[in-house]
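Here the sequence shown is numbered in the working numbering, starting from 1341 and rising by one per residue.
Even glycine gets a Cβ: it sits at the ideal position worked out from N, Cα and C.
Okay, structure first, notes after.
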Amino acid sequence: MSYNNTYRVEDPSEWSVEIVGSWLVEIDLQNYVEIFREMKVDGPYLLTALSEEEHSKVLIPDQEDRR
């Protein structure tokens, strides 16, 4: 997969799983790309998880990475 800045021009609620992966690489969280892909985390799911602390703890268990 080619990672690029596609996410910068799109509404996060429309991000695909692949775009979420690109975003993770851009913000230096590439260690989570496979986990997010396996869980099929797309933009809508990500936005929900980021707004619910318990979900974000499951997606990114390392508190320092949840900055």
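| Check | Outcome |
| --- | --- |
| Closest to Val-1357 by C-alpha separation, out of Val-1373, Asp-1368, Ile-1400, Ile-1367, would be which residue? | Val-1373 |
| Along the chain, where does the alpha helix (DSSP H) that runs through Arg-1406 open and close? | Neither: Arg-1406 is in no alpha helix (DSSP H) and is coded neither H nor E. |
| Express the C-alpha separation of Asp-1405 and Gln-1370 in angstroms, rounding to a whole number. | 11 Å |
| Suppose contacts are defined by Cβ-Cβ distances below 8 Å. Is Phe-1376 in contact with Leu-1390 by that definition? | no |
| What three-state label does DSSP hand Leu-1369 in the structure shown? | coil |
| Buried or exposed: which applies to Ser-1362, given that a residue is buried once 16 or more other Cβ atoms fall within 10 Å of its Cβ? | buried |
| Determine the burial state of Ile-1359: buried for a count of at least 16 other Cβ atoms within 10 Å of its Cβ, exposed for fewer. | buried |
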